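Numbering (this note's numbering), first residue to last: 4 to 923.
To keep things clear, I will list the structure first and then write my remarks on it.
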Ligand SMILES: Cc1cc2nc3c(=O)[nH]c(=O)nc-3n(C[C@H](O)[C@H](O)[C@H](O)COP(=O)(O)OP(=O)(O)OC[C@H]3O[C@@H](n4cnc5c(N)ncnc54)[C@H](O)[C@@H]3O)c2cc1C
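Okay, structure coming up:
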């Protein structure tokens, strides 16, 4: 008998049952468990969550709001209820969830319920894993959430997809997940109705499957309420009030609520909620249309769970559904939902069916599962789903207001990830930190431009298509929409010289310069549609050699820059920095800024320009984060002024062994007149007030020139004119990256983060305990005594064929004596070493007990290391200090400064500096 569309009466009957069983009233009832047999009878309707209107929730009262609560959560979707649940699990029970309509009525009710445990990044995988653990815990408590661990098959029709899946398989093994690469024949055995002849193979994950999203998150809500959380439906948040920079209260249509914390979990509406307060908060989120088809039964009457299928090359997912099929995807190009205002009453509703957009998916579905052509469509579900400009969720404290948190922008993975995201957020609120670094989700990764509505709408058209895209390296930096928004005054000059740009914090930065031989390709097409040797390899090679053997010019304008001014500037910066910044005027210091755990909140250069004026230069991505850190630690009594001068200066780095000779054209740049780690204001041609710092970020000799924007073009022309005699070559960030990776220099946000300490990454020599108190000092002193359990290493791959093997791109598992020991952070081809170079952290993990054993240099030096790249392990030589690269000393330039390692201990550096002084 065909499965009939349920009537309203049937729904009501179902929800009465659901209310009785899904929502046990007492804890003893709860532990008795859900009557599975009963549920089975309801399953055909319950599984079709779109049609199952959970009246159990609508019966909950909305009788006014409390006058106060510790935490107010805005939004009763999967994310809001998960945040509330995890907060109450952590013992914070005074939590109120405010829902403008009916809980679970937004995107959550429309979800197809697919869940998988593998994601392209380590953090995203952890979020999915936390969610999975949460599902198991809920089931143990007696709830049936419609979980089917039917396994998943991710299909590969093209070879790069296969490599992508192999990379994920490597990561899965390292994380201890069960996964397996399968041949097309094996795929056919798992799902006999699939057409498999065109496949390379697939990745099988046994523990994946699907849930009933509405049942699942009703259970989560129920548990939160049993823990003491309150749900108020029909309650619209209209604004958040702030006092002294922190959340004070929330305004609603039912009255105000005084609170300490506010969490914006408003899904597609989260950007609107963020705009509604006194202070605008950046939540760059907007919905795209997401459709799936549900068919009447088409498969024979078998009681079998078929795996869920991710057919990403065909841009669709599917799963068996009551012997029919559920298949979904996005239009090409994706369609932005609600081009105008998002209606607040869009609850338990769908967008209009769009068969025209779905037609290509349907055609591909019929090719993949030919028997579907016999199936009658039951329903085409079209729902709005919130996307972000970089395809990653927004989770953490807002940049603008203390105790204003955000958990939104789930990019089509919300019901598979909400519980895990809620756990991270609850950890942040209740403990101040999480087990893992969460920078990739942090709201401080945005500037105002990212929150610009037109920018968001333009970019999410692209990021929503990433749901099915191959995870090629640099995808985010080379997005093709909403470009050329933030450019330096030298943009056009670089462009004319063949620059191919990447976008970092919205800023266009030359990545490399196209050589004459490469001119055939349009610029962005140089971008790796490959995991192997990229099209730009030879261009970067030429730039690299210019920087190592002659002179290179690199644009550093996008770096974040802050002026710190005031009588207490020294005291203030000494408290923030672990190095001693109380240097003479003209001194430059490389220092970390740490959190209480000793981890790097920031890694920056501090230049003392005047007695009470400093310039802090931080990584490009730190512009919002660093500003917030600086503001948060301002002395209560005042006396410090901070100005973000990022946009005031164009920064050019002249680097290489001939840099000094070139710069001598503009003044005395000898080591005696202008030593390392110092700065001076110089003239270049007719231009004045150019701040020159004798530093580079790659270990080469060089100067960073901070040029007021109006002089930038002129100074650039002077430099390139003078540079002709020194073969000055334009170099991009890829050359800079490979230079520093080969030198074993760590970069914040790429290698080190808020969980890394200087002892772990070989930078202890920059920590000056003797100078007095600074943030993180106690934790670092403790670690100095106790020792570290992980270490930053450089691994040089052996037996890797750069022309035929997939390259390492970061995130690869590292094995030590055959056991998982860590992951790579950044990687690059070392043009001097002639090898693939990987940086990363290793731990000595006991394979049997998984305990972390003490780390000794013997263990590192005497162990056999391997790096697994796309399923194949490459033996690797390990370095704990920078390798001694052949020195580049031209006879006609005996004063050329040789490379000094940042990984050496303090004595090493002192010896070097002394030697330099003697040479001079
Ligand atoms: C068609 C479709 C299929 C999908 N399939 C899957 C899938 O298979 N697997 C998967 O993991 N994910 C899937 N998703 C994504 C998933 O459904 C979402 O990511 C997830 O439900 C988002 O949850 P949320 O809590 O952030 O948002 P929502 O569920 O939309 O909840 C936000 C809530 O906030 C409330 N709110 C907004 N503004 C206010 C205000 N001012 N005051 C009070 N309340 C307010 C809203 O009313 C709403 O209830 C799918 C999405 C769609 C549309």
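Each residue gets a CB set at the ideal place from its N, CA and C atoms; glycine is no exception.
Quantities reported herein were computed from a predicted structural model and do not represent experimental measurements.
Cα-Cα separation, residue i to residue j
i           : j           : result
residue 487 : residue 511 : 6 Å
residue 117 : residue 583 : 52 Å
residue 32  : residue 145 : With a pLDDT of 35 at residue 32, under the threshold of 50, the predicted position of this residue should be treated as unreliable, and no value is reported.
residue 588 : residue 845 : 40 Å
residue 44  : residue 151 : Because residue 44 carries a pLDDT of 35, less than 50, the predicted location of this residue cannot be relied on, and the following value inherits that uncertainty. Going from the Cα of residue 44 to the Cα of residue 151 covers about 16 Å.
residue 593 : residue 756 : 16 Å
residue 225 : residue 217 : 12 Å
residue 156 : residue 296 : 19 Å
residue 864 : residue 800 : 16 Å
residue 805 : residue 838 : 8 Å
residue 729 : residue 554 : 7 Å
residue 646 : residue 78  : 36 Å
residue 463 : residue 691 : 43 Å
residue 342 : residue 332 : 20 Å
residue 278 : residue 317 : 38 Å
residue 344 : residue 513 : 37 Å
Check: residue i C-beta below 6 Å from any heavy atom of ligand 3
i           : result
residue 103 : With respect to ligand 3, the structure offers nothing, as its ligand set consists of ligand 1.
Close Cβ partners of residue i (< 7 Å) along its chain, the five nearest in sequence each way excluded
i           : result
residue 615 : 568, 569, 570, 572
residue 530 : 477, 481
residue 268 : 76, 77, 78, 80, 82, 83, 86, 410, 411
residue 178 : 128
6 Å CB neighbourhood of residue i in its chain, flanking five on each side removed
i           : result
residue 622 : 751, 752
residue 130 : 420, 423, 424
residue 843 : 817, 825, 826, 827, 828
residue 712 : 492, 653
residue 777 : 578, 581
residue 498 : none
residue 543 : 515, 737, 738
residue 563 : 621, 625, 626, 629, 649
residue 471 : 315, 318
Proximity below 7 Å, CB of residue i to CB of residue j
i           : j           : result
residue 872 : residue 811 : yes
residue 665 : residue 726 : yes
residue 365 : residue 398 : no
residue 413 : residue 436 : no
residue 165 : residue 204 : yes
residue 432 : residue 220 : no
residue 452 : residue 624 : no
residue 154 : residue 211 : yes
residue 708 : residue 698 : no
residue 500 : residue 733 : yes
residue 248 : residue 405 : yes
residue 88  : residue 227 : yes
residue 685 : residue 550 : no
residue 126 : residue 439 : yes
residue 808 : residue 473 : no
residue 266 : residue 517 : no
residue 81  : residue 329 : no
residue 202 : residue 160 : yes
Cut-off 8 Å between Cβ atoms - residues of its own chain near residue i, not counting five sequence neighbours on either side
i           : result
residue 231 : 91, 96, 97, 98
residue 373 : 196, 198
residue 771 : 581, 582, 583
residue 775 : 577
residue 745 : 831, 833, 834, 835, 836, 840, 886, 888
residue 69  : 99, 233, 260
residue 193 : 154, 156, 185, 207, 309, 310
residue 897 : In this prediction, residue 897 has a pLDDT of 37, which is less than 50 and means its spatial position is unreliable; nothing more can be read from the coordinates.
residue 141 : 148, 219, 222, 223, 226
Checklist line | Every unbroken beta strand (DSSP E) inside the region 723 to 788 [3 residues or more] | finding: Counting whole runs of 3 or more residues, the region 723 to 788 contains the beta strand (DSSP E) stretches 731 to 734.
Note to self: As an exercise, report each continuous alpha helix (DSSP H) stretch of at least 4 residues that is fully enclosed by the region 481 to 507, in chain order.
What the structure shows: Counting only runs of 4+ residues, the alpha helix (DSSP H) found wholly inside the region 481 to 507 occupies 494 to 499, in chain order.
Checklist line | Ordered list of alpha helix (DSSP H) runs contained in the region 409 to 458, each at least 4 residues | finding: List check, alpha helix (DSSP H) in window: 417 to 434, 451 to 454.
Next item on the list: Let me know the beta strand (DSSP E) ranges lying completely inside the region 225 to 274, each 3 residues or longer, listed in chain order.
Entry: List check, beta strand (DSSP E) in window: 233 to 236, 240 to 246, 249 to 255, 260 to 267.
Check: Of all the alpha helix (DSSP H) runs that stay within the bounds of the region 123 to 187, which reach a length of 4 or more residues?
Finding: You should have 125 to 143, 162 to 178.
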